[in-house]
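Colleague: Would you mind keeping the following structure in view while I ask a few things?
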Amino acid sequence: MSVPTPETVDTYFEQALLPEDPHLDAARARSQQMGLVPHAVSPLQGAFLQILLKSVQAKRILEIGTLGGYAAIWMAKALPPGGQLITLEIVPAVRAVALQNIEEAGLSDVIDVRLGPAIDSLDGLIASHEAPFDFIFIDADKSNNPAYWSRALKLSRTGTVIVIDNVVREGRTADETNANEHLIGVRQVLQDVRNTAGVTATALQTVGSKGWDGFAMAVIDDHATALASLNL
Ligand code: DHB
Ligand code: MG
């Protein structure tokens, strides 16, 4: 092997630990062929999401940001029979790719891909008194992260786990002189998480096939306290 890099180590771990999954490989390949941005979670990150989901025995998952449905397929495969995943996508042509990937994976009855701006879809779920989700993955346009956090809280219960993707951005998040709107959204949501009472939160940096990035994660310890602390 040549000099190891985070990318080659990811390949090593994938080969060492992950089972073959033609559905996931096909979804990744089609997403690339159809010209989607290469922002799907890595295979190892998909398995990480599965471990979190199984740890909390998630039956109801909400994903904000579908893209090609790659993470949704990973997550849906961690659901027990009767489990459900709702995922939100704004671009019709992108949703169409996701639907094909999900269909090919045999998960059309499990994954519901809602079309539209995620804020509108979330407000619709809240207005229709959707039952709380066990697990929420926030992975859409980063400038709206604060809007997604407040709405995710409303769609949670005590015990819900919320994961926010891409909070490191090659370290740029911590460079306060960089006023990129996506970074501002990431910094603001971290501050909002910090200002939310009744939650336990952390952030973990990652390296690998997606470069240097990371996840913020929170568990709702007391849902009423969390809502009240943000006047929600
Ligand atoms: C970007 C978005 C993502 O969700 C991701 O996982 C990686 C990169 C981006 O917008 O650059
Ligand atoms: Mg992401």
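Residue 513 in our numbering sits at position 115 of the sequence shown, with consecutive numbering throughout.
Glycine residues also receive a C-beta, built at the ideal position from the N, C-alpha and C atoms.
Would the beta-carbon of residue 437 be found less than 6 Å away from any heavy atom of the ligand DHB?
Modeller: Because some heavy atom of the ligand DHB lies under 6 Å away, the Cβ of residue 437 counts as near it: yes.
Colleague: Distance check for residue 525 and residue 472, CA to CA, integer angstroms please.
Modeller: Residue 472 and residue 525: Cα-Cα distance of roughly 28 Å.
Colleague: Compute the Euclidean distance between the alpha carbons of residue 434 and residue 625, then round it to the nearest angstrom.
Modeller: Straight-line Cα distance between these residues: approximately 36 Å.
Colleague: Between the C-alpha atoms of residue 404 and residue 603, what's the straight-line distance to the nearest angstrom?
Modeller: The alpha-carbon atoms of residue 404 and residue 603 are separated by roughly 13 Å.
Colleague: Report the option in 486, 488 and 511 whose CA atom is closest to the CA atom of residue 498.
Modeller: It is 511 whose Cα lies nearest to the Cα of residue 498.
Colleague: Considering only the alpha carbon of each residue, which of 444, 608, 530 and 535 lies closest to residue 567?
Modeller: The option with the nearest alpha carbon to residue 567 is 608.
Colleague: Using the C-alpha atoms, what's the distance from residue 572 back to residue 586?
Modeller: Rounded to the nearest angstrom, the two C-alpha atoms are 12 Å apart.
Colleague: Is the closest heavy atom of the ligand MG to the C-beta of residue 539 under 6 Å?
Modeller: No, the ligand MG has no heavy atom inside 6 Å of this Cβ.
Colleague: Determine, using beta-carbon pairs with one atom in the region 494 to 508 and one in the region 543 to 550, whether at least three such pairs fall under 8 Å.
Modeller: Too few Cβ pairs lie closer than 8 Å, so no.
Colleague: Does the beta-carbon of residue 563, which I'm using as the reference point, lie nearer than 6 Å to any heavy atom of the ligand DHB?
Modeller: Yes, the beta carbon of residue 563 sits closer than 6 Å to at least one heavy atom of the ligand DHB.
Colleague: Return the bridge partner residues of residue 614 from the DSSP annotation.
Modeller: DSSP output for residue 614 lists 562 and 601 as bridge partner(s).
Colleague: Is residue 515 closer than 7 Å to residue 488 when the C-beta atoms are compared?
Modeller: Against a cut-off of 7 Å, the Cβ pair of residue 515 and residue 488 comes out as a contact.
Colleague: With a cut-off of 8 Å on the beta carbons, I'd call residue 412 and residue 442 a contact; round off their distance for me.
Modeller: Sure, about 6 Å apart at Cβ, within 8 Å.
Colleague: Using a threshold of 7 Å, state whether the C-beta atoms of residue 532 and residue 454 are closer than that.
Modeller: For residue 532 and residue 454, yes; Cβs fall inside 7 Å.
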